[in-house]
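The opening residue of the sequence shown carries number 7 in the numbering used here; numbering runs sequentially from there. For reference, the structure discussed in these notes is given below.
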Amino acid sequence: MSFPVLYSFRRCPYAMRTRLAFWSAGITCELREVVLRDKPISMINYSPKASVPVLVLAQGTVIDESLDAMIWALNQSDPDHWLSPSFASVAQMRALIEINDGEFKEHLDRYKYADRYVDVDPDHHRQEAERLIAELNARLAAHEFLLGNRPCLADFAIMPFIRQFANTDRAWFDATQYTGLQTWLAGLLASQLFASVMMKYPQWHAGDQPTIVP
Ligand SMILES: N[C@@H](CCC(=O)N[C@@H](CS)C(=O)NCC(=O)O)C(=O)O
């Protein structure tokens, strides 16, 4: 029997959110743990842009955008209704994820990895990123999750990036007034689902015995 193949990297926020959707959907796949400085040739052949995650379906279809891979998984099975936010439309949910993946990610990278850029002030980019942080925090004053009283695709698509933002300067984040966001993040990080997708696997090499998960 052949399972979908997921090229993944444990700490990559895009791969993380894809694994969250796979585990929630209960999809069994072959996990190939990638080391970014030593990417497998087969992954690059499937997807020349060579970013993780890369999903290869049994029929050979390749999905190499994490959000598309999440939606593919949830279209197979969505037991917790991630695709139907309780207090918002799907379009509003997509829009929130788009802000995260676009503007927020740009500032997050320049805050977290300022030394990789020329002439970048990390504090400036933290302040810019804080606009979305404040907006998410305001949402969480109204309900427990970003778009309602249960978590949806947006919570899991965005959480790995907020985790990175928080971890960049944990003492600063913990001392902010964004208590709703702090509680939301802590709850998701403490979940059984998150623990499951953060299990460690050795680097995959062609010819290895397949790692079938979950
Ligand atoms: N838009 C892509 C972005 C994926 C991405 O940028 N992944 C990073 C790791 S977190 C990567 O593989 N970068 C390529 C590299 O570092 O060589 C997605 O959503 O899947």
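From the three backbone atoms N, C-alpha and C, an ideal C-beta is built for every residue, glycine too. Predicted model only: the values in this text are computed from it and were never measured.
Query, Result
"Closest Cα partner of M99 within the set L159, V62 and W78", "L159"
"C-beta contact flag for V203 and W88 at 7 Å", "no"
"3 or more residues per run - each beta strand (DSSP E) lying fully within the segment 64 to 109", "none"
"Short Cβ contact (7 Å threshold) for V11 with E36", "yes"
"H149 to A79 span [Cα, whole Å]", "26 Å"
"Integer-rounded CB distance, given that I218 should sit under 8 Å from F9", "6 Å"
"Contacts around R132, its chain only, beta-carbon distance under 7 Å, and the 5 residues preceding and following it disregarded", "Y117"
"Distance between beta carbons of Q209 and P19, contact taken as under 8 Å", "Going by Cβ atoms, the distance from P19 to Q209 rounds to 19 Å, so no, they are not a contact pair."
"Integer-rounded CB distance, given that L153 should sit under 8 Å from S197", "S197 to L153, Cβ: 17 Å. No contact."
"Check: L12 C-beta below 6 Å from any heavy atom of ligand 1", "no"
"Classification of D129 by the beta-carbon crowding that lies within 10 angstroms, buried from 16 upward", "exposed"
"Own chain, CB closer than 6 Å to A163, minus 5 neighbours either side, in chain order", "R23 and I103"
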